[in-house]
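Novice: Sequential numbering from 3 applies to the sequence shown in the working numbering.
One structure, as C-alpha cells, below. Some questions next.
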Amino acid sequence: MIPVAGSAYTYTYATMGEFMAWMVGWILMLEYAIGNITVACAWTGYFVQFLKGFKHILPDFVINFPLWLRTDYRYMFAFCDKYGLDPHTQMPYLFDKIPVAVNLPAMVIVLLLTILLIKGVKESTRFASIMVGVNMFMILSFIVVGAFYVKPENWTPFAPNGFEGVFMGAFLIFFAYIGFDAISTTAEETENPQRDLPIAILGTLIICTIMYVAVALVLTGNVPLGHIDTQAPIAHAMRVIGKDWFAGLISIGALCALTSVILIYQLGTTRILYAMSRDRFLPKSLRLIHKKYRTPHVLTWISGIVVIICTLFMDLNISAELCNFGTFTSFIIICIAVLILRKTDPDRHRPFKVPFSPLFPVLGIVTCGGLMVYSMKFLTTSSLYFPLWLLMGVAIYAGYGYSQKRLEEKVKVQRQAKSKVEV
C-alpha cells in the first residue's frame with residue numbers, strides 16, 4: 003500500500019505524522035543495530051564449535067581459540083570472577099591498565115557482510131538465499147534425526163518454570179521475529195511490493211513458527227532442560243545422542259543461518275536510515291549513492307562500524323532485552339497506525355487487507371503491551387536503558403530533525419513566493 007523503503011517508519015509517517023515517524027525510526031535503529039550485535043556475538047559461539055570439528059586437521063592454537071579473542075571484556079571479568087582467576091593471566095592489558103578483549107570473529111563477519119552489502123542488493127540477496135537454503139536443510143535434518151532419539155520423560159514437567167517462565171520465554175522469543183518486518187524495508191527494490199511483500203511476510207512467518215516449535219520439541223526431547231548448552235544448543239544435542247559428525251554439520255547450518263540474519267539486519271538498518279535521511283531527519287550527505295554499485299555506501303559503512311565497535315562492550319542479555327523492547331514498541335505503533343488509517347482514509351486502494359479488522363490490530367496492541375509490562379518485573383538495566391534511548395530520540399528530533407523540517411518548509415515557501423513574483 004506504501005511501496006517505498008523504510009518499513010514501519012514509512013508507514014508511521016504516512017499515518018501519524020513526522021514526530022511519531024522519527025520516534026519509530028529511532029526505535030528501529032536500536033532494534034536492528036542491537037539485534038545485529040547480538041546475532042554477531044552468537045555467530046562466534048557456533049564458529050568456535052565449527053572449528054572444534056576439525057581438531058584432527060587444524061593446529062591447536064586455532065582449535066583452542068583464546069577466550070579474550072571471542073568475547074567482550076564484561077564476560078571476561080565475569081568468567082574470571084566465577085572461577086577465581088586473575089584477569090591479568092587470562093587476557094592482555096594495554097599499559098597494564100586497559101583490558102583487551104575483542105570478539106574478533108563477530109567483528110570480521112560484520113565487516114565482510116558490510117562490504118558485500120555495498121557491492122549491491124542482488125549479490126547480497128543471492129548470498130542470503132544460499133545461506134537460508136543450507137540452514138533450512140540442516141534444521142529439517144536435525145528435526146528428522148533428533149526425532150528418533152526423543153525421550154518423552156524429558157518433557158515432564160512440561161512447563162517446569164510455570165506461567166512466568168512461559169511468559170518470559172515468549173518475551174525473549176520475540177527476538178526471533180524481528181527479521182519479518184525487515185522484508186518491508188526493501189519495498190522499493192521489489193517488482194510488485196503490494197503482492198509480494200504480504201506473501202513473503204506471512205509465508206515466512208507460518209513456516210518459521212512451525213519449525214521453531216518442532217526444533218524446541220526435539221531439542222528438549224533429546225537433552226533435559228537443565229543440561230542444554232546455551233552457546234550452541236542444537237550442536238550440543240547431537241553430541242549428547244552420539245552424533246558428533248552431525249553436530250559439525252549443524253554448526254555449519256547455524257553459521258549460515260546467523261550469517262543471513264546479520265545480513266538482513268545490516269540491510270534493514272541501512273534502508274531505514276536512508277528513508278529518514280531522505281525525509282531530512284538525518285544529514286543529506288548520509289544518503290550518498292555509490293557511483294559504481296548504486297548503494298547507500300556511507301550509511302552502510304556507518305551502520306557496520308557502529309556494530310563492530312559495540313561488540314567490544316555490549317552485554318548479550320541486555321542487548322536481547324533492549325532489542326525486544328524496541329520490537330514490541332514498533333509493533334504496537336504499527337497496529338495503531340493500521341487502525342488510524344482505516345478511519346482517516348477508508349477509501350484508499352488496499353491490495354492486501356488485514357482480515358477481521360480491528361480484531362487483529364487490537365490483539366497485537368494488547369499482547370505486545372502486556373508482554374512488555376509484565377516483563378519489566380524481571381528486568382532491571384534494560385528497562386531503564388530503553389526510556390533513556392527514547393529521551394535521546396526526542397532531544398535529537400527537537401534539536402536537529404524538527405529544525406531541518408522547518409527550514410525545508412521555509413525554503414519551499416520562499417521559492418513559491420519567488421516564482422509568483424517572476425510570473
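From the three backbone atoms N, C-alpha and C, an ideal C-beta is built for every residue, glycine too.
Does the beta-carbon distance from phenylalanine 362 to valine 356 come in below 7 Å?
Specialist: Counting from one through the sequence shown, the residue named residue 362 turns up at place 360. Counting from one through the sequence shown, the residue named residue 356 turns up at place 354. Yes; because the gap between Cβ atoms is below 7 Å, this pair is in contact.
Novice: Would you call the CB atoms of proline 101 and tyrosine 75 closer than 7 Å?
Specialist: Locating residue 101 in the sequence shown gives position 99, counting from the first residue. Locating residue 75 in the sequence shown gives position 73, counting from the first residue. Taking 7 Å as the Cβ cut-off, proline 101 and tyrosine 75 qualify as a contacting pair.
Novice: So what does arginine 72 bridge to, in DSSP terms?
Specialist: Position 70 of the sequence shown, counting from 1, holds the residue named residue 72. According to DSSP, arginine 72 bridges with Asn105.
Novice: Near arginine 296, what residues of its chain come up, given a Cβ to Cβ distance below 8 Å and the 5 sequence neighbours on each side ignored?
Specialist: Here residue 296 corresponds to residue number 294 of the sequence shown, with the count starting at 1. Gly122, listed in sequence order.
Novice: Hey, is the stretch 60-79 in contact with the stretch 118-132, meaning 3+ C-beta pairs nearer than 8 Å?
Specialist: No, they do not touch.
Novice: Could you check the C-alpha separation between valine 225 and cysteine 210 for me, to the nearest Å?
Specialist: For the purposes of this step, residue 225 is taken as the residue at position 223 of the sequence shown. For the purposes of this step, residue 210 is taken as the residue at position 208 of the sequence shown. Their backbone Cα atoms lie some 22 Å apart in a straight line.
Novice: Using only alpha-carbon positions, find the residue among Ile307, Gly37, Leu324, Trp28 that is nearest to leucine 386.
Specialist: On the sequence shown, position 384 is the one that residue 386 refers to. Nearest of Ile307, Gly37, Leu324, Trp28 to leucine 386, Cα basis: Leu324.
Novice: Any chance the stretch 30-38 sits against the stretch 321-335, with 3 or more Cβ pairs inside 8 Å?
Specialist: A contact exists between the stretch 30-38 and the stretch 321-335.
Novice: What is the rounded straight-line gap between the Cα of valine 112 and the Cα of tryptophan 28?
Specialist: As a working mapping, residue 112 is identified with position 110 in the sequence shown. As a working mapping, residue 28 is identified with position 26 in the sequence shown. Roughly 22 Å between the two C-alpha positions.
Novice: Determine the extent of the alpha helix (DSSP H) in which serine 262 is found, giving its start and end residues.
Specialist: Residue numbering aside, residue 262 sits at position 260 when the sequence shown is read from its first letter. Where serine 262 is concerned, the enclosing alpha helix (DSSP H) stretches over 246-280.
Novice: Nearest-angstrom Cα distance between threonine 116 and tryptophan 303?
Specialist: If you number the sequence shown from 1, residue 116 lands on position 114. If you number the sequence shown from 1, residue 303 lands on position 301. Their Cα atoms are separated by approximately 7 Å.
Novice: To the nearest angstrom, report how far apart proline 162 and tyrosine 15 are at their CA atoms.
Specialist: The sequence position of residue 162 within the sequence shown is 160, counting from 1. The sequence position of residue 15 within the sequence shown is 13, counting from 1. The alpha-carbon atoms of proline 162 and tyrosine 15 are separated by roughly 44 Å.
Novice: Counting only the same chain and skipping the five closest in sequence on each side, list residues whose C-beta sits under 6 Å from that of methionine 316.
Specialist: On the sequence shown, position 314 is the one that residue 316 refers to. Around methionine 316: Ile39.
Novice: To which residues of the same chain is threonine 222 closer than 7 Å at the C-beta, ignoring the five residues directly before and after it?
Specialist: As a first step, residue 222 is located in the sequence shown; it is residue number 220 there, counting from the start. Excluding residues within five positions, the ones whose Cβ falls inside 7 Å are Asn156, Trp157.
Novice: According to the neighbour-count rule (16 or more other Cβ atoms, all chains shown, within 10 Å of its Cβ), is glycine 47 buried or exposed?
Specialist: One-based indexing of the sequence shown puts residue 47 at position 45. Glycine 47 is buried by the Cβ-count criterion.
Novice: Out of curiosity, what's the CA-to-CA distance linking threonine 313 and leucine 265?
Specialist: For the purposes of this step, residue 313 is taken as the residue at position 311 of the sequence shown. For the purposes of this step, residue 265 is taken as the residue at position 263 of the sequence shown. Rounded to the nearest angstrom, the two C-alpha atoms are 16 Å apart.
Novice: Can you list, in chain order, the residues of its chain whose CB lies under 8 Å from that of glycine 371, leaving out five sequence neighbours each side?
Specialist: Taking the sequence shown and counting its residues from 1, one reaches residue 371 at position 369. Cβ within range, chain order: Phe330, Ile334.
Novice: Buried or exposed for leucine 204, going by 16 or more other Cβ atoms inside 10 Å?
Specialist: By one-based count along the sequence shown, residue 204 stands at place 202. Counting Cβ neighbours within 10 Å, leucine 204 comes out exposed, since fewer than 16 surround it.
Novice: When the distance is taken between beta carbons, is cysteine 258 closer than 7 Å to valine 110?
Specialist: Taking the first residue of the sequence shown as 1, we reach residue 110 at position 108. Taking the first residue of the sequence shown as 1, we reach residue 258 at position 256. For valine 110 and cysteine 258, no; Cβs fall outside 7 Å.
Novice: Identify which residue in Ser377, Ala400, Leu393, Gly401 has its Cα closest to the Cα of glycine 167.
Specialist: For the purposes of this step, residue 167 is taken as the residue at position 165 of the sequence shown. Of the candidates Ser377, Ala400, Leu393, Gly401, the one whose C-alpha sits nearest the C-alpha of glycine 167 is Ser377.
Novice: Counting C-beta neighbours from all protein chains within 10 Å, is the total for valine 300 16 or more, i.e. buried, or is it exposed?
Specialist: Within the sequence shown, residue 300 is the residue found at index 298, counting from 1. It counts as buried.
Novice: For isoleucine 100, which three-state DSSP category applies?
Specialist: In the sequence shown, residue 100 corresponds to position 98, counting from 1. Three-state result, isoleucine 100: strand.
Novice: Let's see if you can read the secondary structure: which residues bound the alpha helix (DSSP H) around alanine 130?
Specialist: Along the sequence shown, read from residue 1 onward, the residue named residue 130 stands at position 128. Note, alanine 130: alpha helix (DSSP H), 123-149.
Novice: Tell me which residues share the same chain as alanine 249 and place their Cβ nearer than 6 Å to its Cβ, disregarding the 5 neighbours each side in the sequence.
Specialist: Mapped onto the sequence shown, residue 249 falls at position 247. Cβ within range, chain order: Ala237, Met240, Arg241.
Novice: Do leucine 318 and cysteine 43 have their C-beta atoms closer together than 7 Å?
Specialist: Working through the sequence shown from its first residue, we reach residue 318 at position 316. Working through the sequence shown from its first residue, we reach residue 43 at position 41. Taking 7 Å as the Cβ cut-off, leucine 318 and cysteine 43 qualify as a contacting pair.
Novice: My guess is that phenylalanine 144 and valine 50 are in contact by the Cβ rule of under 8 Å, so how many angstroms apart are they, rounded?
Specialist: Residue 144 sits at position 142 when you count from the first residue of the sequence shown. Residue 50 sits at position 48 when you count from the first residue of the sequence shown. Their Cβ separation, rounded to whole angstroms, is 19 Å, which puts phenylalanine 144 and valine 50 out of contact at 8 Å.
Novice: Within its chain, find whatever has a CB closer than 7 Å to the CB of methionine 213; leave out the 5 residues flanking it on each side and keep chain order.
Specialist: Along the sequence shown, one-based indexing puts residue 213 at 211. Closer than 7 Å at Cβ, skipping near neighbours: Ile141.
Novice: Please classify tyrosine 13: does DSSP put it in a helix, a strand, or coil?
Specialist: The count along the sequence shown starts at 1 and reaches residue 13 at position 11. Three-state DSSP puts tyrosine 13 in a helix.
Novice: Measure the CB-CB distance between isoleucine 336 and alanine 10 and report whether it falls below 7 Å.
Specialist: For this step, residue 336 is matched to residue 334 along the sequence shown. For this step, residue 10 is matched to residue 8 along the sequence shown. Yes. Within cutoff.
Novice: If I measure Cβ to Cβ from leucine 118 and keep anything under 6 Å in the same chain, skipping five residues before and after, which residues do I get?
Specialist: On the sequence shown, position 116 is the one that residue 118 refers to. So the qualifying residues of the chain are Ser126.
Novice: Helix, strand or coil: which one does DSSP assign to tyrosine 34?
Specialist: Looking up residue 34 in the sequence shown gives position 32. DSSP places tyrosine 34 in helix when its eight states are reduced to three.
Novice: Going by other Cβ atoms of all chains shown within 10 Å of its Cβ, with 16 needed for buried, is leucine 470 buried or exposed?
Specialist: The structure shown does not extend to residue 470, since the chain is modelled only from 3 through 425, so no value can be given for it.
Novice: Mind checking which residues open and close the alpha helix (DSSP H) that includes serine 377?
Specialist: Position 375 of the sequence shown, counting from 1, holds the residue named residue 377. That run of the alpha helix (DSSP H) goes 361-377.
Novice: Once DSSP output is grouped into helix, strand and coil, what is the label at tyrosine 48?
Specialist: Numbered from its first residue, the sequence shown carries residue 48 at position 46. Three-state result, tyrosine 48: helix.
Novice: Classify tyrosine 295 as helix, strand or coil using the three-state DSSP reduction.
Specialist: For the purposes of this step, residue 295 is taken as the residue at position 293 of the sequence shown. Of the three classes helix, strand and coil, the one that applies to tyrosine 295 here is coil, per DSSP.
Novice: Could you give the distance in angstroms between the alpha-carbon of glycine 86 and the alpha-carbon of methionine 93?
Specialist: Numbered from 1 along the sequence shown, position 84 holds the residue referred to as residue 86. Numbered from 1 along the sequence shown, position 91 holds the residue referred to as residue 93. Going from the Cα of glycine 86 to the Cα of methionine 93 covers about 14 Å.
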